[in-house]
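Engineer:
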Amino acid sequence: MIDYSQKIPNNVDLSHDKRLQRALEKWQPDYIDWWRSMGPTDFNEKEIYLRTAVSVERNGWAQFDYVQMPDYRWGIFLQPAEAGRTIGFGDHQGQEAWQEVPGEYRNWLRRLIVTQADTEPASVEQQRLLGHTAPSLYDLRNLFQVNVEEGRHLWAMVYLLHSYFGRDGREEASELLERRSGNADHPRILGTFNEPCEDWLSFFCFAMFTDRDGKFQLLSLAESGFDPLARTCRFMLTEEAHHLFVGQTGVGRVIKRTAELLAEGKDPREEGAIPFEVIQKYIHFWCSSSNDLYGAEVSSNGANFFRSGIKGRAYEDRYEDHQALNDSYEITQVEGGRLTTEEVPLRNAMNEVLRDEFVKDNLKGVEYWNRIVEKAGLEYRFRLPHRRFNRSIGVYANHHFDLDGNIIDASAFEAKKHEWLPTDEDREYVKSLMQKVTEQGKYAAWISPPPKGVNGQPIDFEYVRL
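My numbering puts the sequence shown at residues 1 to 466.
1) Kindly give me the distance between the Cβ atoms of L176 and V158, rounded to whole angstroms, as I take these residues to be in contact under 8 Å.
2) Tell me whether S181 sits in a helix, a strand or coil according to DSSP, three-state version.
3) Does DSSP put S448 in a helix, in a strand, or in coil?
4) Assign R257 to buried or exposed, taking buried as 16 or more other Cβ atoms, counted over all protein chains shown, within 10 Å of its Cβ.
5) Taking 6 Å as the limit between beta carbons, can you name the residues of its chain near F204, skipping five residues before and five after?
6) Starting from Q28, follow the alpha helix (DSSP H) in both directions and report where the run begins and ends.
7) When the Cα of H242 is compared with those of M38, A62 and T438, which residue comes out closest?
8) Roughly how many whole angstroms lie between the Cα atoms of L221 and G302?
9) What does the alpha-carbon distance come out to for the pair H400 and A410?
10) Going straight from the alpha carbon of I255 to that of P422, what length do you get?
11) Compute the distance between the beta-carbons of F226 and F77, then report whether it is under 7 Å.
12) For H386, tell me which candidate among N398, H92, E45 and L363 has the shortest Cα-Cα distance.
13) Quick one: Cα of E198 to Cα of H322, how far?
14) Between which residues of its own chain and N142 is the CB-CB distance below 6 Å, once the five residues before and five after are set aside?
15) In the DSSP assignment, what residue or residues form a beta bridge with I407?
16) Judging by CA-CA distance, which residue of W35, Y463, Y72 and R347 is the nearest neighbour of V454?
17) What would DSSP say about Y49, mapped onto helix, strand or coil?
18) To which residues of the same chain is S469 closer than 6 Å at the C-beta, ignoring the five residues directly before and after it?
19) Residues in the same chain with beta-carbon distance under 7 Å from P449, minus the five sequence neighbours each way, listed in chain order, please.
20) Secondary structure at W514, three-state DSSP: helix, strand or coil?
21) To the nearest angstrom, how far is the alpha carbon of Q6 from that of R212?
22) Please determine if the region 299 to 315 and the region 402 to 419 are in contact, where contact requires at least 3 C-beta pairs separated by less than 8 Å.
23) Quick check: what's the CA-CA separation for G131 versus Y4?
24) Below 8 Å on the Cβ atoms is my contact criterion, and I expect L433 with K46 to pass it. Report the Cβ-Cβ distance as a whole number of Å.
25) Using 10 angstroms around the beta-carbon of P9, count the other beta-carbons present and answer buried if the total reaches 16, otherwise exposed.
26) Please classify Y138 as buried or exposed, where buried requires at least 16 other C-beta atoms within 10 Å of its C-beta.
27) Touch check for the region 322 to 331 and the region 343 to 354: three-plus C-beta pairs under 8 Å?
28) Apart from the five residues just before and just after R253, which ones in its own chain have a Cβ nearer than 6 Å to its Cβ?
29) Taking the C-alpha atoms as reference points, what is the distance between D30 and I189?
30) Please say whether A263 and G377 have beta carbons closer to each other than 7 Å?
31) Short of 7 Å in beta carbon distance, which residues of its chain neighbour Q280, apart from the five on each side in sequence? Order them along the chain.
32) Would you check if the distance between the CB atom of D292 and the CB atom of I372 is smaller than 7 Å?
33) Could you tell me the boundaries of the alpha helix (DSSP H) in which P121 lies?
34) Excluding the 5 residues flanking R231 on each side, which residues of the same chain have their C-beta closer than 6 Å to its C-beta?
35) Please report the straight-line C-alpha distance between L403 and F389, rounded to a whole angstrom.
36) Using alpha carbons as the reference points, say which of G75, N59 and F43 lies closest to V12.
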């Protein structure tokens, strides 16, 4: 069970390590200051119906109650240690999992942890103004649940930095509260986490695609031979599932509202809803931006992380060969303006292997959306853009591709860009619909109500006490 009698709730026996406890308690007020200045604006004194982790067991791990967000019990929760756990992949396969950071991999591990940690406050900063235009109390509550759990995930990573990386780790933890999403001088580490997220369609797409990248990064880190990192990420995945639910069903509810209007022969724009074509452009943008988060298709870093046993593949136990020494992966390259294929050692393609899982998982969400459209009796179908489309990182950066991944020249891309990606006019139209709805049981005209509420509550429940 989690010890809530401590200033910092935890299940790592923090009170028996006074030096670490003091360091984290010194960081804690800085975190609260960051939350108050960069977290959700103007809602810190409101009572929100939130879930809080009370256990790390699979069943009954959370309880729901009203809480003011600055009073949320952010803490440090690791899944219980597995007796006799061994490293499951790479050159150290079969060796006992590490309880301390191996000196030779210290810098790589710190880099992975800091990069993961930086995404957590970044997303809170991106979404800090959305509460003012929430389409319902249900959605407002879900936004804040995602936000406080991203904060909790930051705590999870900061614990590892403080506990295992000494002064360097403490300095990195402080820096996590100094960077700012979208700040030209001191931005967040990864590009997607500096993108504006100024409307709720963007938020739902972010939760669908960018949080799904988070899922697969956590799955790969949950395989780590560094056992504290693996145990931390496994519990983070339990919380992350709700974020993906918010994204997939949120986009689905936007689609459903538009589908209902089209089935009635009405123009979505005239009814204050979002046309399918605009929704599809947002899907193209956030999916392609999130594809960049996996890094280069051919990566020596990816090979080193796998070789060393610090970052595996998602669902590593599904593979027969955990060494990945004898297999190759076919990468599509660009040479002389044409697409060619090249066989690269599998270890060097680990980023692409993880991206494969991301794409497959996204397709399930698209199928879910298309069932909504089909049920309305409409022929339109949503799709994903090809992984080569609109890329800024990797072998496809600085080249242009259509939605099917065919290489095209810059002029052809510019001629079609307004059909494939949100235009300024699209964004202004979507933002014009973002009017706050705070009456219990009422929903904005551009989104359908959910089929059911949170934790067995009705959809007209007072999820936020305003």
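Even for Gly, the Cβ is constructed at its ideal location relative to N, Cα and C.
Structural biologist: Well, looking at it:
1) For this step, residue 176 is matched to residue 176 along the sequence shown. For this step, residue 158 is matched to residue 158 along the sequence shown. So it is a contact: roughly 7 Å between Cβ atoms.
2) As a position in the sequence shown, residue 181 is number 181, starting the count at 1. Per DSSP, reduced to three states, the secondary structure at S181 is coil, with no helix or strand assignment.
3) The residue you call residue 448 lines up with position 448 of the sequence shown. Correct three-state label for S448: coil.
4) As a first step, residue 257 is located in the sequence shown; it is residue number 257 there, counting from the start. So R257 counts as buried.
5) Residue numbering aside, residue 204 sits at position 204 when the sequence shown is read from its first letter. The residues G247, G250 and V251, in chain order, have a CB closer than 6 Å to that of F204 in the same chain once the five nearest residues on each side in sequence are set aside.
6) Within the sequence shown, numbered from 1, the residue matching residue 28 stands at position 28. K18 to M38 is the extent of the alpha helix (DSSP H) around Q28.
7) Here residue 242 is taken as the residue at index 242 of the sequence shown, counted from 1. Out of M38, A62 and T438, A62 has the C-alpha closest to the C-alpha of H242.
8) Here residue 221 refers to the residue found at position 221 when the sequence shown is read from its first residue. Here residue 302 refers to the residue found at position 302 when the sequence shown is read from its first residue. In a straight line, the C-alpha of L221 is about 12 Å away from that of G302.
9) Residue numbering aside, residue 400 sits at position 400 when the sequence shown is read from its first letter. Residue numbering aside, residue 410 sits at position 410 when the sequence shown is read from its first letter. The alpha-carbon atoms of H400 and A410 are separated by roughly 6 Å.
10) The residue you call residue 255 lines up with position 255 of the sequence shown. The residue you call residue 422 lines up with position 422 of the sequence shown. Rounded to whole angstroms, the separation of the alpha carbons of P422 and I255 is 17 Å.
11) Numbered from 1 along the sequence shown, position 226 holds the residue referred to as residue 226. Numbered from 1 along the sequence shown, position 77 holds the residue referred to as residue 77. No, the Cβ-Cβ distance between F226 and F77 is not below 7 Å.
12) To locate residue 386, count along the sequence shown from 1; it is residue 386. Residue L363 is the option with its Cα nearest to H386.
13) As a working mapping, residue 198 is identified with position 198 in the sequence shown. As a working mapping, residue 322 is identified with position 322 in the sequence shown. Just so you know, the alpha carbons of E198 and H322 end up roughly 43 Å apart.
14) Walking along the sequence shown from the start, residue 142 turns up at place 142. Answer for N142: V246, listed in chain order.
15) Here residue 407 refers to the residue found at position 407 of the sequence shown. Paired residue(s): F401.
16) As a first step, residue 454 must be located in the sequence shown, where it is residue number 454. Ranking W35, Y463, Y72 and R347 by Cα distance to V454 puts Y463 first.
17) Reading the sequence shown from its first residue, position 49 is the one you call residue 49. Judged by DSSP in its simplified three-state form, Y49 adopts strand.
18) In this structure the chain extends from 1 to 466, so residue 469 is not present and cannot be described.
19) Reading the sequence shown from its first residue, position 449 is the one you call residue 449. Hits under 7 Å: Y443 and I459.
20) Since the displayed the chain opens at 1 and closes at 466, residue 514 lies outside it and no answer follows.
21) Position 6 of the sequence shown, counted from the start, is the residue given in the question as residue 6. Position 212 of the sequence shown, counted from the start, is the residue given in the question as residue 212. Their backbone Cα atoms lie some 33 Å apart in a straight line.
22) Taking one beta carbon from each stretch, the region 299 to 315 and the region 402 to 419 have fewer than 3 pairs nearer than 8 Å; the two do not touch.
23) The residue labelled residue 131 in the question sits at position 131 within the sequence shown. The residue labelled residue 4 in the question sits at position 4 within the sequence shown. Those two C-alpha atoms are separated by around 29 Å.
24) In the sequence shown, counting from the first residue as 1, residue 433 sits at position 433. In the sequence shown, counting from the first residue as 1, residue 46 sits at position 46. Taking the Cβ atoms as the reference, L433 lies roughly 24 Å from K46, outside the contact range of under 8 Å.
25) The residue given as residue 9 occupies position 9 in the sequence shown. That one is buried.
26) Numbered from 1 along the sequence shown, position 138 holds the residue referred to as residue 138. With a threshold of 16 other beta carbon atoms within 10 Å, Y138 meets it and is buried.
27) Contact between the region 322 to 331 and the region 343 to 354 is present: three or more C-beta pairs spanning the two stretches fall below 8 Å.
28) Position 253 of the sequence shown, counted from the start, is the residue given in the question as residue 253. So the qualifying residues of the chain are I447 and S448.
29) Sequence index remark: in the sequence shown, residue 30 carries index 30 (1-based). Sequence index remark: in the sequence shown, residue 189 carries index 189 (1-based). Spanning the two alpha carbons is a distance of roughly 20 Å.
30) Here residue 377 refers to the residue found at position 377 when the sequence shown is read from its first residue. Here residue 263 refers to the residue found at position 263 when the sequence shown is read from its first residue. It is a contact, given that the beta carbons lie within the stated cut-off.
31) In the sequence shown, the residue the question calls residue 280 occupies position 280. Its chain contains F382 as the residues whose beta carbon lies nearer than 7 Å to that of Q280, once the 5 sequence neighbours on both sides are disregarded; these appear in chain order.
32) Your numbering for residue 292 matches position 292 in the sequence shown. Your numbering for residue 372 matches position 372 in the sequence shown. Not in contact: D292 and I372 (Cβ atoms no closer than 7 Å).
33) Looking up residue 121 in the sequence shown gives position 121. Counting along the chain, the alpha helix (DSSP H) containing P121 begins and ends at R106 to Q126.
34) Position 231 of the sequence shown holds residue 231. Non-local C-beta neighbours of R231 in its own chain, meaning closer than 6 Å and more than five positions away in sequence, comprise L78 and Q79, ordered along the chain.
35) The sequence position of residue 403 within the sequence shown is 403, counting from 1. The sequence position of residue 389 within the sequence shown is 389, counting from 1. When rounded, the distance between both Cα atoms is 6 Å.
36) Along the sequence shown, read from residue 1 onward, the residue named residue 12 stands at position 12. For the residues G75, N59 and F43, the minimum Cα distance to V12 belongs to G75.
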